[in-house]
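Right, one structure below, let's go through it.
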Amino acid sequence: MKAKVQASMKALGYRPLASARGMRGRTHTVAVVVADLYNEFSSLLVEGIRRECERQKYRLLVAPAGSGKDAQNRMVEDLIDRGMDGIVLISPLGTDAELAAVARNIPVVVLGRHGDSPEYDSVAADDFAGANLVVDHLVSLGHRQITYVNHTTEGTNDARLPEEVRVRGYVDAMIRHGLGDAIDIIQSQWSQEGGEQSGKLILSRTQRPTAVFAGCDVAAFGVLTALWNAGIRVPDELSVAGFDNIFTTSLAPISITTVDQSGLDMGAAAGRLLLERIGGRSEAVNTVVRPTLVARKTPAAP
Numbered sequence: 041m042k043a044k045v046q047a048s049m050k051a052l053g054y055r056p057l058a059s060a061r062g063m064r065g066r067t068h069t070v071a072v073v074v075a076d077l078y079n080e081f082s083s084l085l086v087e088g089i090r091r092e093c094e095r096q097k098y099r100l101l102v103a104p105a106g107s108g109k110d111a112q113n114r115m116v117e118d119l120i121d122r123g124m125d126g127i128v129l130i131s132p133l134g135t136d137a138e139l140a141a142v143a144r145n146i147p148v149v150v151l152g153r154h155g156d157s158p159e160y161d162s163v164a165a166d167d168f169a170g171a172n173l174v175v176d177h178l179v180s181l182g183h184r185q186i187t188y189v190n191h192t193t194e195g196t197n198d199a200r201l202p203e204e205v206r207v208r209g210y211v212d213a214m215i216r217h218g219l220g221d222a223i224d225i226i227q228s229q230w231s232q233e234g235g236e237q238s239g240k241l242i243l244s245r246t247q248r249p250t251a252v253f254a255g256c257d258v259a260a261f262g263v264l265t266a267l268w269n270a271g272i273r274v275p276d277e278l279s280v281a282g283f284d285n286i287f288t289t290s291l292a293p294i295s296i297t298t299v300d301q302s303g304l305d306m307g308a309a310a311g312r313l314l315l316e317r318i319g320g321r322s323e324a325v326n327t328v329v330r331p332t333l334v335a336r337k338t339p340a341a342p
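The opening position of the sequence shown corresponds to residue 41 in my numbering, with each subsequent residue numbered one higher.
This is the structure we're talking about:
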């Protein structure tokens, strides 16, 4: 009888409904909620999660949440309604209490956002230390005027988001080197457009910095675009550094100095923790990844 049923299913092209299988228990499907698909670093995180899910025979759905907390919350609610076994949230917006409320309904791992919680697991890079590494490197080359390109999220200044931690790391390092009076922060967006606008703003100044530290590699590419279009030679006339170590930074004609926070490993750790949560672990695990500086060719002595 089983053979006859399977033959009929094959002839009819029938596929069992995943949500119906979920009524018997797990669907063996998890989701990752990501707001910024333009940033190549997000792809590294997702790929790390995918590899771990594949290794443990789980399916991964990628859920683009768009921008803003409301869009993120709607996406999370939809995923819960569709029977996901668990969710990874990449740099989510919202308070600790709001994230904990989600985690009481479904296993959750928060990826990228800083801070511990007894309700969910978290994986983050030490963004503070990473920003310190860049400033230390630029100062060691002789720079004293270092501009930082920051990311501003509309409607929030959550101290636990990566952008807030990195800018604090920049300020700390500048003060530590006796450069507190030279602190210069451009509030922008970590995007190609945001970086390019920041580069144009720097070029419009009568007193330019000798180095630009973009808070992420995508913004660093935007800064470089503005400089190259204006005929500014990098690093001869202006040094540039980024953060994330996405693949394109390593290409020989570009060769951006940046910070490696092991995106694939971070994603894999998040996937592994989520599947452990689904498997029954209830104690919270909070992992912090130590970043390293990748020195390449975009900075030089001023």
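For glycine and all other residues, C-beta sits at the position ideal for the given N, C-alpha and C.
Computed from a predicted structure; not experimentally measured.
*With burial defined as no fewer than 16 other Cβ atoms inside 10 Å of the residue's Cβ, what is the status of W348: buried or exposed?*
Past the edges of the chain, shown from 41 to 342, lies residue 348, and the structure says nothing about it.
*Is it buried or exposed for K97, if we count other Cβ within 10 angstroms and need 16 for buried?*
To locate residue 97, count along the sequence shown from 1; it is residue 57. Under this definition K97 is an exposed residue.
*asked:* On the criterion of 16 or more Cβ atoms from any shown chain inside 10 Å, does F261 qualify as buried, or is it exposed?
replied: Residue numbering aside, residue 261 sits at position 221 when the sequence shown is read from its first letter. Using a 10 angstroms sphere on the CB of F261, the tally of other CB atoms reaches 16 or more, which defines it as buried.
_Could you check whether the Cβ of I130 sits closer than 6 Å to any heavy atom belonging to the ligand GDP?_
The ligand content of the structure shown is nil, which means the ligand GDP is not present either.
*Per DSSP, what kind of secondary structure is H68 in: helix, strand or coil?*
Taking the first residue of the sequence shown as position 1, residue 68 is located at position 28. H68 falls in the coil class under three-state DSSP.
*Please look up how many angstroms separate the CB atoms of V258 and V280, rounded, as I've assumed it's under 8 Å.*
In the sequence shown, residue 258 corresponds to position 218, counting from 1. In the sequence shown, residue 280 corresponds to position 240, counting from 1. With 8 Å as the limit, V258 and V280 do not qualify as a contact, their Cβ atoms being about 13 Å apart.
_Rounded C-alpha distance that separates D305 from G152_ = If you number the sequence shown from 1, residue 305 lands on position 265. If you number the sequence shown from 1, residue 152 lands on position 112. C-alpha of D305 to C-alpha of G152: approximately 12 Å in a straight line.
_Just verifying my parser: in three-state terms, what is the DSSP assignment at L77?_
Your numbering for residue 77 matches position 37 in the sequence shown. Three-state DSSP puts L77 in coil, outside helix and strand.
*asked:* Quick check: what's the CA-CA separation for D166 versus T288?
replied: In the sequence shown, residue 166 corresponds to position 126, counting from 1. In the sequence shown, residue 288 corresponds to position 248, counting from 1. Going from the Cα of D166 to the Cα of T288 covers about 22 Å.
_Which of helix, strand or coil DSSP assigns to H191_ = Sequence index remark: in the sequence shown, residue 191 carries index 151 (1-based). If DSSP states are grouped into helix, strand and coil, H191 belongs with the strands.
*Just mark V45 as buried or exposed, buried being the case when its beta carbon has 16 or more other beta carbons within 10 Å.*
Counted from its first residue, the sequence shown places residue 45 at position 5. Classification of V45: exposed, given that the 10 Å Cβ count is below 16.
*Pull up the DSSP beta-bridge partners for V102, would you.*
The residue labelled residue 102 in the question sits at position 62 within the sequence shown. The bridge partners DSSP lists for V102 are V72.
*asked:* Tell me the DSSP secondary structure of T297 in three-state form.
replied: Counted from its first residue, the sequence shown places residue 297 at position 257. DSSP, reduced to helix, strand and coil, places T297 within a strand of the structure shown.
*How would you call T187, buried or exposed, if buried means at least 16 neighbouring beta carbons within 10 angstroms?*
Sequence index remark: in the sequence shown, residue 187 carries index 147 (1-based). Flag for T187 reads buried.
*Write down the C-beta distance between R317 and G134 rounded to the nearest angstrom, noting that I regard them as a contact closer than 8 Å.*
What you label residue 317 is simply residue 277 of the sequence shown in a count that begins at 1. What you label residue 134 is simply residue 94 of the sequence shown in a count that begins at 1. Cβ-Cβ separation between R317 and G134: approximately 19 Å, too far for a contact (criterion under 8 Å).
*From the DSSP output, in three-state form, read off V329 for me.*
In the sequence shown, residue 329 corresponds to position 289, counting from 1. If DSSP states are grouped into helix, strand and coil, V329 belongs with the strands.
*Just tell me which of C93, R90, A105 and I215 has its CA closest to the CA of V74.*
Position 34 of the sequence shown, counted from the start, is the residue given in the question as residue 74. Ranking the options by Cα distance to V74, first place goes to A105.
*asked:* Is the beta carbon of P331 closer than 7 Å to that of Q301?
replied: Taking the sequence shown and counting its residues from 1, the one referred to as residue 301 is at position 261. Taking the sequence shown and counting its residues from 1, the one referred to as residue 331 is at position 291. Yes; because the gap between Cβ atoms is below 7 Å, this pair is in contact.
*Could you check the C-alpha separation between K240 and R248 for me, to the nearest Å?*
On the sequence shown, residue 240 is found 200 positions in, with the first residue counted as 1. On the sequence shown, residue 248 is found 208 positions in, with the first residue counted as 1. Taking the Cα positions, K240 is about 11 Å away from R248.
*Let me know the alpha helix (DSSP H) ranges lying completely inside the segment 248-277, each 4 residues or longer, listed in chain order.*
Here the runs fully enclosed are 257-269.
*How would you call Y54, buried or exposed, if buried means at least 16 neighbouring beta carbons within 10 angstroms?*
Against the sequence shown, residue 54 aligns to sequence position 14. Exposed: under 16 other Cβ atoms inside 10 Å.
*Endpoints, the alpha helix (DSSP H) within which A96 is located*: Mapped onto the sequence shown, residue 96 falls at position 56. Here residue 96 turns out to be Gln, not Ala, going by the sequence shown. Unbroken run through Q96: none, as it is neither H nor E.
*So who's on the other strand from A165, going by DSSP bridges?*
As a first step, residue 165 must be located in the sequence shown, where it is residue number 125. V329.
*Which residues mark the beginning and the end of the beta strand (DSSP E) in which I225 is found?*
Position 185 of the sequence shown, counting from 1, holds the residue named residue 225. Segment D224 to S228, the beta strand (DSSP E) holding I225.
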